[in-house]
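Heads up: the protein sequence lines correspond to chains H and Z, in order. Just add 39 to wherever you are in the first sequence, counting from 1, and you've got the numbering used here. Just add 3 to wherever you are in the second sequence, counting from 1, and you've got the numbering used here. Cβ coordinates follow ideal geometry from the N, Cα and C atoms, glycine included.
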Amino acid sequence: MTPAENEPLAADQEGEAIKAIPLRHPWRVLIAALLVLTLAVFVIDAGQREEFGWANVSKYIFDKRISQAALVTLQLTVYAMVIAIALGLLLAIMRLSPNPVVKSVAWLYIWIFRGTPVYVQLVFWGIVGLIYPVLTIGVPFMTPWISFQNDILTNLFVTAVIGLALNEAAYMSEIVRAGLLSVDEGQEEASRALAMSWGQTMRVVVVPQAMRIIIPPTGNEVISMLKTTSLVAAIPLSIDLYGVSRGISAVTFTPVPLLIVASLWYLLFTSILMVGQHFIEKRFARGSGRRKAEKSLQPRGPLPAAGDITNIRVNNKSEDKQ
Amino acid sequence: MSGTPMVLADRVSKSFGSNKVLRSISLSVEPGEVLCLVGPSGSGKSTFLRCINHLERVDAGRLSVDGQLVGYRQKGEKLYELRPKEASFQRREIGMVFQRFNLFPHLTALENIIQAPMRVKGIPKAKAIKRAIELMERVGLGDKADHYPAHLSGGQQQRVAIARALAMDPKLMLFDEPTSALDPELVGEVLDVMKELASTGMTMIVVTHEMGFAREVADSLVFMDGGVVVESGNPREVLANPQHERTRAFLSKVL
């Protein structure tokens with residue numbers, strides 16, 4: 040009658056289930072109730088206050104000018120981030136270079152652009168067009184071969200993108216550098232031992248693994264950039280989301296509803312970016328996944344090996360699409 | 004009669020800062036030979052192995068693989084350092100297996116194997132995959148091609164790493180303590196693959212603590228200590244009847 044060892048116990052042979060009276064948490068309940076109550080009071084009160092101008096919020100939230108300005112904000116964010124990531128990668132590689140001059144130049148760049156306020160930098164870029172009205176190509180201090188008007192920095196939108204990107208690149212380079220350094224040295228060594236070149240090693244082996252470390256903080260930076268674009272007023276550029284809502288409220292004398300409108304649009308974009316970041320993170324977690332391991336743990340035992348492989352193949356494909 | 008040795012080291016020395024790791028190492032490995040390098044940790048055996056495919060740079064002496072100087076080109080009296088591209092070219096024919104496997108964790112076993120043949124040798128993908136599957140079967144992992152390294156056991160990972168090195172069709176294979184990071188029950192499966200490889204006539208240099216493997220498979224054994232070759236010869240003879248005191252002391256600890 041005694042059960043053989045190693046054999047799983049049948050349900051009726053297990054010990055008696057524990058039926059204890061759970062520990063009470065009165066403070067937890069009280070604090071939760073207080074928070075909910077406070078929030079409710081605030082919402083009800085805010086709904087009744089004239090100054091919030093809810094009628095104006097719903098009037099302007101889908102205003103053509105506002106949605107167009109939102110698009111400008113989005114463009115500023117995307118362009119500035121794309122340039123910043125490319126430049127950040129370059130700076131990160133420069134900082135890891137064995138060449139001391141190259142290394143120092145990258146350090147100097149980061150020192151300056153990270154060490155001064157972005158608002159001050161934007162004001163500065165707004166003025167640079169006046170300091171350098173004419174761009175020339177030729178031997179320094181001699182009669183130039185070609186010279187042309189500095190049209191680049193008289194375009195305020197382009198100036199804003201450049202100003203935001205150059206500042207952001209300093210932060211991105213540190214993020215990229217941390218990512219590159221996080222990859223085990225053995226990876227680079229194995230790649231070199233396989234006769235792959237430095238470029239191939241970076242592209243195929245190091246950067247894809249560094250991405251796992253780089254993406255979460257980069258997501259933060261994108262969200263941060265979306266909001267930093269409101270500082271382009273310093274250039275002064277006023278066609279972005281915040282600039283236009285300020286412009287409208289200056290005419291209608293209703294600042295509060297337009298601040299709410301702008302905030303709602305910022306929140307919408309931020310939320311979309313968070314979802315996007317989630318999927319990109321999933322994509323680059325391939326092969327590392329505790330998540331993935333959990334998934335493949337179940338079929339491993341009972342299923343034949345072939346079934347296991349097709350499972351994983353299907354998973355790969357669906358991930359690639361994302 | 005005898006052709007060019009596969010590896011020829013002539014008074015090779017190497018220091019890290021003031022630490023002399025290799026002191027005037029001379030040895031040669033003939034094509035098809037299996038050489039086991041043994042010795043206490045810090046004796047310089049791994050460093051020597053890494054010098055052979057120029058992962059480390061030699062400070063003094065001459066080191067050549069298949070008649071070609073490693074890492075340098077000789078023109079008259081002068082030595083010229085090779086460009087990275089040229090150094091890479093030399094490594095194409097030298098496979099290396101690491102103690103910690105160093106598989107690329109973001110790629111499946113199959114993807115690990117096909118990268119170098121495709122990117123370095125320009126072999127078309129379909130052909131590289133076909134060859135990779137053959138190699139996976141050869142190391143006994145025909146059904147694991149689509150697994151990520153994290154989902155393979157240590158022994159399986161090391162066998163994938165061997166297949167990855169073989170995919171470049173090397174004429175020389177370097178093994179840097181290939182079983183040291185493995186659980187004891189997984190050592191055998193990796194040694195079996197290496198034995199099979201040795202039986203096909205592959206030239207192999209194996210840094211190892213597996214004296215059984217050395218006795219059974221190796222053609223010669225070199226015992227290193229403190230950056231010098233203390234003793235070398237037929238592995239069965241050296242292991243049964245070590246001539247040098249230091250060899251005896253070491254063997255008494257590991258056997």
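- Scanning Z:72, Z:136 and Z:47 for the CA closest to the CA of residue 111 (chain Z) turns up Z:136.
- For secondary structure counted as the alpha helix (DSSP H) over 4 or more consecutive residues, the stretch 16-74 of chain Z holds these complete runs in sequence order: 48-55.
- By the CB criterion at 8 Å, residue 167 (chain H) and residue 135 (chain H) fall outside the cutoff.
- In this structure, the CA atom of residue 14 (chain Z) is about 25 Å from the CA atom of residue 87 (chain Z).
- Near chain Z, meaning a CB-to-CB distance below 7 Å, the residues of the stretch 233-250 of chain H are 233, 234, 235, 236, 237, 239, 243, 244, 247 and 248.
- Assigned with DSSP and collapsed to three states, residue 76 (chain Z) falls in strand.
- Scanning chain H for C-beta atoms nearer than 7 Å to the C-beta of residue 56 (chain Z) yields 232, reported in chain order.
- Among the CB atoms of chain Z, none fall inside 8 Å of the CB of residue 218 (chain H).
- Residue 207 (chain H) is outside the set of residues whose beta carbon lies under 8 Å from a beta carbon in chain Z.
- According to the DSSP assignment, residue 236 (chain H) belongs to no beta strand (DSSP E), since it is labelled neither H nor E.
- Approximately 35 Å separates the beta-carbon atoms of residue 287 (chain H) and residue 171 (chain H); this is outside 8 Å, ruling out the contact.
- Boundaries of the beta strand (DSSP E) around residue 81 (chain Z): 81-84.
- Runs of the alpha helix (DSSP H) lying entirely within the stretch 114-163 of chain H, each at least 4 residues long, are 139-154 in chain order.
- Between residue 107 (chain H) and chain Z, the shortest Cβ-Cβ separation is not below 8 Å.
- Of all C-beta pairs linking the stretch 195-212 of chain H to the stretch 124-140 of chain H, three or more are shorter than 8 Å, placing the two stretches in contact.
- Contact note: residue 123 (chain Z) reaches chain H through 233, 234, 235, 236 and 239, using a C-beta cutoff of 9 Å and chain order.
- Within the same chain, and ignoring the five residues on either side of residue 267 (chain H) in sequence, the residues whose Cβ sits closer than 7 Å to its Cβ are 157 and 203.
- Scanning chain H for C-beta atoms nearer than 9 Å to the C-beta of residue 88 (chain Z) yields 236, reported in chain order.
- Comparing alpha carbon positions, the residue from Z:250, Z:218, Z:69 and Z:220 closest to residue 229 (chain Z) is Z:250.
- With the rule of 3 Cβ pairs closer than 8 Å, the stretch 15-33 of chain Z does not count as touching the stretch 197-205 of chain Z.
- Distance from the CA of residue 142 (chain H) to the CA of residue 284 (chain H), rounded to the nearest whole angstrom, comes to 44 Å.
- Under the Cβ distance rule, residue 197 (chain Z) does not count among the residues neighbouring chain H, no pair being separated by less than 8 Å.
- Interface with chain H (8 Å Cβ-Cβ cutoff): residue 22 (chain Z) is excluded.
- For residue 261 (chain H), the CB contacts under 6 Å within the same chain, skipping 5 residues up- and downstream, are 120 and 312 in chain order.
- At a cut-off of 8 Å between C-beta atoms, residue 71 (chain Z) does not count as an interface residue with respect to chain H.
- Going by C-alpha positions, residue 219 (chain H) is about 25 Å away from residue 98 (chain Z).
- Look at residue 228 (chain H): its C-beta is under 8 Å from a C-beta on chain Z.
- Along the stretch 216-239 of chain Z, there is no position whose C-beta sits under 9 Å from a C-beta of chain H.
- Contact of residue 52 (chain Z) with chain H is not assigned, every C-beta pair being separated by 8 Å or more.
- Put simply, the stretch 136-155 of chain H does not touch the stretch 221-238 of chain H. Fewer than three CB pairs are less than 8 Å apart.
- A contact between stretches requires three or more CB pairs, one per stretch, nearer than 8 Å, and the stretch 46-65 of chain Z fails this requirement with the stretch 186-193 of chain Z.
- At a beta-carbon threshold of 8 Å, the residues of chain Z lying near residue 225 (chain H) are 101, 103 and 105, ordered along the chain.
- Look at residue 161 (chain Z): its C-beta is not under 8 Å from any C-beta on chain H.
- Fewer than three Cβ pairs drawn from the stretch 31-44 of chain Z and the stretch 164-173 of chain Z lie within less than 8 Å of each other, which leaves the two stretches out of contact.
- Under DSSP, residue 223 (chain Z) forms a beta bridge with Z:38.
- Chain-order list of chain H residues neighbouring residue 95 (chain Z): 234, by C-beta distance under 7 Å.
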